[in-house]
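Some notes on the structure that comes next.
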Amino acid sequence: MEFIWKGSSNLGSRADLFTVVLYNNYSPPPGFCYDVLCNDEPINDDLESPDYNVDERVNRFLQYAVHQSEVYRTNNIILTMGGDFTYQQAEMYFSNMDILIRYVRERNSSDVNIFYSTPSCYLKSST
Numbered sequence: 001m002e003f004i005w006k007g008s009s010n011l012g013s014r015a016d017l018f019t020v021v022l023y024n025n026y027s028p029p030p031g032f033c034y035d036v037l038c039n040d041e042p043i044n045d046d047l048e049s050p051d052y053n054v055d056e057r058v059n060r061f062l063q064y065a066v067h068q069s070e071v072y073r074t075n076n077i078i079l080t081m082g083g084d085f086t087y088q089q090a091e092m093y094f095s096n097m098d099i100l101i102r103y104v105r106e107r108n109s110s111d112v113n114i115f116y117s118t119p120s121c122y123l124k125s126s127t
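The sequence shown: position 59 = 59 (UniProt numbering), numbered continuously.
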């Protein structure tokens, strides 16, 4: 559920507040937390590695995104990738998200456009 709360008729849009009940709180999708407090496996895009898992990780992410999109009214959804005390090892987190973004974008059969954004950018795209 998301809506713009009109806080004051006297103050106009300056008092408007975007309100949203996020699909997964503000945590990342299950299996996509890449911080020291998480146990999710990192994305390995080394084709020579026996731990290569790009296809599985991209498929799982896209399944989650499609499932989440079914409860939104617009074509734009917000996937939050944080939580309390995450990003203690931000380099590892962003490195995995960069890899995920790269391979989701390369997936020719996907209609998903994935990128870093902000709440204000999301709000502009959804209203």
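Virtual Cβ for every residue (Gly too), placed ideally from N, Cα, C.
For clarity, every value in this text was computed on a predicted model and none was experimentally measured.
Sequence-distant residues of the same chain with beta carbon closer than 6 Å to residue i, five excluded per side
{"i": "ASN44", "result": "ASP51, TYR52, ASN53"}
{"i": "VAL20", "result": "GLU2"}
{"i": "SER27", "result": "GLY83"}
Of the residues the options, the one placed nearest residue i, counting alpha carbons only
{"i": "ASN101", "options": "ASN10, ASN59, GLU2", "result": "The amino acid at residue 101 is misidentified as Asn; the sequence shows Ile. ILE101 has its Cα closest to that of ASN59, out of ASN10, ASN59, GLU2."}
{"i": "THR74", "options": "SER125, GLY7, ILE99", "result": "SER125"}
{"i": "ARG107", "options": "ASP16, GLU56, ASN10, SER49", "result": "GLU56"}
Test item: CB-CB of residue i and residue j under 8 Å
{"i": "PHE18", "j": "LEU123", "result": "yes"}
{"i": "TYR64", "j": "PRO29", "result": "yes"}
{"i": "VAL66", "j": "TYR23", "result": "no"}
{"i": "VAL104", "j": "LEU47", "result": "no"}
{"i": "ILE77", "j": "SER69", "result": "yes"}
Spatial neighbours of residue i in its chain, beta-carbon cut-off 7 Å, leaving aside the 5 residues before and after
{"i": "ASP40", "result": "GLY31, PHE32, CYS33, TYR34"}
- Task: Could you tell me whether the region 76 to 87 touches the region 28 to 44, where touching means 3 or more Cβ pairs closer than 8 Å?
- Result: yes
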